[in-house]
Amino acid sequence: MFEEKPLITQSEIDSAMDFAVSQILACLPEFTTKFQKPYSENGFYHPIGNDDWTTGFWTGEIWLAYEWANDETLRRAAEIQVEDFLKRINEKHLVDHHDMGFLYTPSCVAAYKLTGSLHGREAAIKAADQLITRFHPIGEFIQAWGPMDEPENYRLIIDCLLNLPLLYWASEETGDPKYHDIAEKHLHTAMANVIREDASTWHTFFFDMKTGAPDHGATCQGYRDASAWARGQAWGVYGSAMAYRYTKEPRYIESFERVLGYYLEHLPSDMVPFWDLCFTDGDDQPRDSSSASIAACGLLEMAKYVDADRAAQYTKLAKQMMKALYDNYAVKDPALSNGLVLHSTYSNHSPYNTCRHEGVDECNSWGDYFYMEALTRLSKDWNPYW
Ligand code: GLY
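Residue numbers (this note's numbering): 1 to 386.
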């Protein structure tokens, strides 16, 4: 389908990563004791406290920059942030939701894996303890948001597939199987329910609170319930690769191929999706460039587990996606943005969805983080934080 599209070269990857490091170093005076808001405004991130579900991506960017440049300034800044993550979980500050993996994996698990940080390890294990408090044995899933005793909140969301690696890691690290067991139960429930017949995905899926029976799918950030929110589909691509990595169940390779197939078939000609896959070339709608980086990471993760031909095909697709981002979406001029990748969409309100309207056609911190992760994966045999 995209056979002839150009591939990113190693020298382009080098220049993208060198630029990312220079942007991050330039941001450190403002964003060491502070974090980035989830999205930029007119291209620029503003500082916030460690108050949102997204702050771990900024610390993750600093760690990826440290891996690339080996600059102690970066390590010191990331370590200051790890202390803040420990404080956040100790104080239970805004942690009553499922995004513990997004918060604590690229920040604190990364710190532990890269430097042996014991505070990173402690914070991440406490975050895993917090995450499992949201598990519902009735229905066998981790509830995404809201109070645990309300039928209108009795749901999981596809994004949570990326919160599970924190639990697998916590079991490996502590020897206590409880995190692994909950991750596995949630994973099987999610994979059985979020992928539709045609391989598009539900953003969120509700269960009956009394019986745990699957009830219905709905969107929050997609255009409408039955459409496919681009980032949800991309979380599904990366999440299916993670599902296989952790369980080694062949059915998850099949899930990966189906979800990826739907994603690819609904891409516009430049391989960077609009915010919902129901839109395509010619539609006057914003893109979500972060989905392209997330999908590329999923492809590169799955390339490790399949035969050589398929691995080459997945790697080629990832390189094509990253080339499109590098050529036409990446920030090249620091005067125009303090982020890395433009034209991403956090939440685009539509007449049919329930999300706030924010961060539309801007940089966002996970878009920047996964852009760097994909470039890093293409550069070496990367030891994943996830
Ligand atoms: N996990 C929330 C989002 O992708 O916007």
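Built from N, CA and C at the ideal position, the CB exists for glycine as well. The structure presented is a predicted model; accordingly, all values stated were derived computationally and were not measured.
Please look up how many angstroms separate the CB atoms of residue i and residue j, rounded, as I've assumed it's under 8 Å.
i: F57; j: N338; result: F57 to N338, Cβ: 14 Å. No contact.
i: A123; j: L86; result: 4 Å
i: L299; j: L378; result: The Cβ separation is near 10 Å, so there is no contact.
i: I24; j: A78; result: Actually they are not in contact, since the Cβ atoms of I24 and A78 sit about 10 Å apart, beyond 8 Å.
i: F256; j: H186; result: No, F256 and H186 are not in contact; Cβ-Cβ is about 18 Å, not under 8 Å.
i: D368; j: L340; result: 4 Å
i: L156; j: A190; result: 6 Å
i: L103; j: W63; result: So it is not a contact: roughly 14 Å between Cβ atoms.
Expressed to the nearest angstrom, what Euclidean distance is found between the alpha-carbon atoms of residue i and residue j?
i: W229; j: I80; result: 35 Å
i: I132; j: A110; result: 20 Å
i: E165; j: M242; result: Contrary to the premise, residue 165 reads as Pro rather than Glu in this sequence. Using only the alpha carbons, I get a separation of about 8 Å.
i: T204; j: D276; result: 15 Å
i: I89; j: T54; result: 15 Å
i: D283; j: D327; result: 21 Å
i: K281; j: M271; result: It is Asp, not Lys, that sits at residue 281 in the sequence shown. Distance between the alpha carbons of D281 and M271: 10 Å.
i: E249; j: P384; result: 20 Å
i: E362; j: G49; result: 20 Å
i: F69; j: F279; result: Reading off the sequence shown, one finds Ala at residue 69, where the question assumed Phe. A69 and F279: Cα-Cα distance of roughly 39 Å.
i: H46; j: W366; result: 15 Å
i: Y246; j: E172; result: 11 Å
i: S22; j: P151; result: 47 Å
i: Y314; j: F35; result: 34 Å
i: E197; j: I13; result: 37 Å
i: V237; j: L161; result: 10 Å
i: H357; j: T219; result: 14 Å
i: E254; j: K5; result: 25 Å
i: G232; j: T201; result: 7 Å
i: F31; j: G139; result: 41 Å
i: M321; j: Q285; result: 19 Å
i: A446; j: S15; result: No answer is possible for residue 446: it lies beyond the span of the chain, which begins at 1 and ends at 386.
i: K332; j: L94; result: 35 Å
Should residue i go down as buried or exposed, given a rule of 16 or more other Cβ atoms within 10 Å for buried?
i: A335; result: exposed
i: P137; result: exposed
i: A213; result: exposed
i: M302; result: buried
i: P147; result: exposed
i: S107; result: buried
i: Q10; result: exposed
i: Y352; result: exposed
i: D381; result: exposed
i: G175; result: exposed
i: M1; result: exposed
i: D99; result: buried
i: D84; result: buried
i: N42; result: exposed
i: A183; result: buried
i: R134; result: buried
i: D159; result: buried
i: P177; result: exposed
i: T59; result: buried
i: A20; result: buried
i: P38; result: buried
Does DSSP put residue i in a helix, a strand or coil?
i: N348; result: coil
i: W275; result: coil
i: Q81; result: helix
i: Q10; result: helix
i: L199; result: Leu is not the amino acid found at residue 199; the sequence shown has Ala there. The answer is coil: DSSP assigns A199 none of H, G, I, E or B.
i: G359; result: strand
i: N415; result: A question about residue 415 goes unanswered here, because the residues of the chain that appear run from 1 up to 386.
i: V331; result: coil
i: G236; result: helix
i: G217; result: strand
i: R224; result: coil
i: P106; result: helix
i: E91; result: coil
i: E41; result: strand
i: V306; result: coil
i: T354; result: coil
i: R245; result: helix
i: R258; result: helix
i: Q36; result: strand
i: F206; result: strand
i: R287; result: strand
i: W145; result: coil
i: W410; result: The displayed coordinates of the chain run from 1 to 386. Any statement about residue 410 would go beyond what the structure contains.
i: P165; result: helix
i: F135; result: strand
i: L378; result: helix
Can you confirm whether the stretch 293-305 touches the stretch 366-375 when touching is taken to mean that 3 or more C-beta pairs between the two stretches lie within less than 8 Å? Between the stretch 366-375 and the stretch 293-305, the count of C-beta pairs closer than 8 Å reaches three or more; the two stretches touch.
Touch check for the stretch 259-269 and the stretch 342-353: three-plus C-beta pairs under 8 Å? no
For the stretch 280-290 against the stretch 248-264, are there 3 or more C-beta pairs whose distance is under 8 Å? A contact is defined here as three or more CB-CB pairs under 8 Å, and the stretch 280-290 fails this definition with respect to the stretch 248-264.
Does the stretch 114-129 come into contact with the stretch 141-161, if we say contact requires no fewer than three beta-carbon pairs (one atom in each stretch) closer than 8 Å? no
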